[in-house]
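A short write-up of the structure that comes next.
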Amino acid sequence: MATKGSQDFNDSENRLRIGYLASIVGLIINVILSITKLIIGVLISSISVIADGVNNLSDSASSIITLVGFKISNMPPDREHPHGHGRVEYISALMVSFMVILVGIQFIKSSYDRIINPKAVKFELIPFVILLISITAKIWLSRFNKDLGEKIDSSGLKATAADALGDVLTTSVVVLSLVIGKFTTLPIDGFVGMVVAILIIYSGYNLVKETISPLIGEAPPKELINSIYRDILSYDYVTGAHDLTIHSYGHGKTMATIDVEFPSNIDTVTIHDIIDFAEREIGKRYNLHLVIHMDPLYPESEERYELRQQIKQIIKENPNIKSMHDFQIFQVEGEKVVEFHLVLDGNALSKQDNIEDIKAELERNMEKRCKGIKCNLVMDVEY
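Per UniProt numbering, the sequence shown starts with residue 1, numbered consecutively.
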């Protein structure tokens, strides 16, 4: 809970206000910089300055997209989108990224034309100083968006911050070209425009990589996984936990499921109460919706113990297997069936490894060495 004098940055209304603030500030600054640079570029006949100005103009459009993205992502769930609209923020960040790349591609062509048909660039002190001021403005804007993006964990603002930092580099290169151009007749402006265009494309490419990952589905932080497991194991009667799965549908819209082991001799009402309390407490602690599935641990008979030890020995021979759980023995039409989950180390697997082939080979091996059983494996991959 937020204390007096502080802000709860997980609160949707606060996130929306901060998103609006960052977008409007970015829009105003980028419009001013864009108009200024376009005028300067035309006055001194510099394609690299014009390219930088159009890049700032695209940043203005990006601010509008980010603004709209924040508005839509804050909309409540509906029939078509029961988990809300939080991922729209990622989509808006992706649109910003592609706009950056398109601007860069456009100015590769313009810069190439300037190299083929060079034109003298006039060096004037006042435009030069204005460009230096614009670098300072972009440094401030990058820091502003980075700080706010980290506070509210916004991929859109973080992308905008990275883009602004890239603009600092591109404008710095433009300024350097104006200085060098004063001492040479070479078509430095066209070459620098090409460099600026490539830097813009590279910046956009990095933004695409950063924003597309959460859309595809990222692995949750190891610290979060370990913390949830640790907390689950602290509750009464819990003897183990596995198969934690976490899905994010945008900031503050995270769902998690986990299998938790209880002794089979504990009554279901007691287990239900423990699960109900754990779901609420852990969900509130980590700002997610948690669903716990109960796995009963069956009493250990001599037959069960010996068979489990045999299978453990076989598992040890495969270094890619991390653990085993949900071990069960039951009869199906007079046949003894052994079923359990194996956890594979995903980092140790190669692209050529086929999970179904590994499963079939393990089942054949276990059925051959543990006489009189039918083996059913469920393969889990953990990274």
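Glycine included, every Cβ here is placed at the ideal spot set by N, Cα and C.
Ranked by Cα distance from Asn320, the first of Leu297, Arg280 and Asp345 is Asp345. With fewer than 16 other beta carbons inside 10 angstroms of its own, Pro82 counts as exposed. The distance from the Cβ of Phe123 to that of Val175 is about 11 Å, inconsistent with a contact at the 8 Å cut-off. Here DSSP, grouped into helix, strand and coil, assigns Met379 to strand. In the three-state reduction of the DSSP assignment, Lys37 falls in the helix class.
Secondary structure remark: continuous alpha helix (DSSP H) runs of at least 4 residues inside the stretch 72 to 159, in chain order: 88 to 116 and 125 to 152. Between Glu89 and Ser154 the beta-carbon gap is near 7 Å, inside 8 Å, which marks them as a contact. Under the three-state reduction of DSSP, Val25 is assigned to helix. Within the same chain, Cβ atoms closer than 8 Å to the Cβ of Ile40 are found at Ser46, Val49, Gly53, Pro127, Ile130 and Leu131, the five residues on either side in sequence being excluded. Nearest C-alpha to Met194 among Ser111, Leu178 and Thr171: Ser111. The C-beta separation of Tyr237 from Ser264 comes to about 11 Å, leaving the pair out of contact by the 8 Å criterion. Residue pairing by DSSP places Thr270 in no beta bridge whatsoever.
Secondary structure of Phe277 (DSSP, three-state): helix.
Boundaries of the beta strand (DSSP E) harbouring Thr245: Gly240 to Ser248, taken from the DSSP string. Per DSSP, reduced to three states, the secondary structure at Ala256 is strand.
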